[in-house]
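Report on the following structure.
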Amino acid sequence: MGKFSKAGGREMPELNTSSLPDLVFAFLFFIMMVTSMREVTLKVVFQAPQATELQKLEKKSLVTFIYVGKPTQELRAKMGSETRVQLNDQIADIDEIQDYIAQEKSSMKEEDQPFMTVSIKADKETKMGVITDVKQALREAYALKISYSARQSVD
Numbered sequence: 071m072g073k074f075s076k077a078g079g080r081e082m083p084e085l086n087t088s089s090l091p092d093l094v095f096a097f098l099f100f101i102m103m104v105t106s107m108r109e110v111t112l113k114v115v116f117q118a119p120q121a122t123e124l125q126k127l128e129k130k131s132l133v134t135f136i137y138v139g140k141p142t143q144e145l146r147a148k149m150g151s152e153t154r155v156q157l158n159d160q161i162a163d164i165d166e167i168q169d170y171i172a173q174e175k176s177s178m179k180e181e182d183q184p185f186m187t188v189s190i191k192a193d194k195e196t197k198m199g200v201i202t203d204v205k206q207a208l209r210e211a212y213a214l215k216i217s218y219s220a221r222q223s224v225d
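Residues in the sequence shown are numbered from 71 upward in steps of one, following the working numbering.
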């Protein structure tokens, strides 16, 4: 049997870093694609009511949000402290909901439009009359899938 010897001490080959900028760019691009930024600046304050039976919404891209609550402290001087409706970044009247829903539907793919869900994020102190008016406007806009945002109750 022969002996193994360490003749001619081998050197460690250098690491090729020429493709490193491409990898960093690809990683940065991936992070930019999967990260979502908050799209709406809240102009109303709401504290979601508590609930026991909650379900997560499946496809967030098919969900349109309507915020209902009192204006923030900065806006109360201009708007008062009555309950307001916020659509995207604008404080709106209830009669503007139909146009808003039509605009949101038109920005979706045609095959996704029947699956559009409107999520109402309302303050727990909001009067039911305002919620009923919002629901009526949604019904007139043929937005019949409605969900209400709530937080898990702690027992």
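All residues carry an ideal CB built from backbone N, CA and C; glycine is no exception. Remember, it's a predicted structure, so these values are computed and weren't measured experimentally.
Presumed contact (8 angstroms Cβ cut-off) between residue i and residue j, rounded CB distance
| i | j | result |
| --- | --- | --- |
| I171 | L214 | That pair is no contact at about 11 angstroms. |
Residues near residue i in its chain [Cβ-Cβ closer than 7 angstroms; skip 5 each side]
| i | result |
| --- | --- |
| I216 | V188, I190, K205, L208 |
Near the ligand FAD: residue i beta-carbon under 6 angstroms from a heavy atom
| i | result |
| --- | --- |
| I216 | Of the ligands one can find in the structure shown there are none, so the ligand FAD has no counterpart to examine. |
Residue i and residue j closer than 7 angstroms at C-beta
| i | j | result |
| --- | --- | --- |
| T196 | V138 | yes |
| A118 | S223 | no |
| V200 | N158 | no |
| L132 | D169 | no |
| F116 | D193 | yes |
| Q120 | R221 | yes |
Which of helix, strand or coil DSSP assigns to residue i
| i | result |
| --- | --- |
| T134 | strand |
| P184 | helix |
| G150 | coil |
| V115 | strand |
| R209 | helix |
| S217 | strand |
| K179 | coil |
| L127 | coil |
Cβ shell of residue i (< 6 angstroms), same chain only, five flanking positions each side left out
| i | result |
| --- | --- |
| I167 | A207 |
| R154 | V114, P141, I161 |
Close beta carbons around residue i, own chain, < 8 angstroms, minus the five adjacent residues each side
| i | result |
| --- | --- |
| E174 | T134, M186 |
| L145 | K113, I161 |
| E210 | Q168 |
| D165 | A207 |
Identified DSSP bridge partners for residue i
| i | result |
| --- | --- |
| K140 | V115 |
| V155 | V138, A162 |
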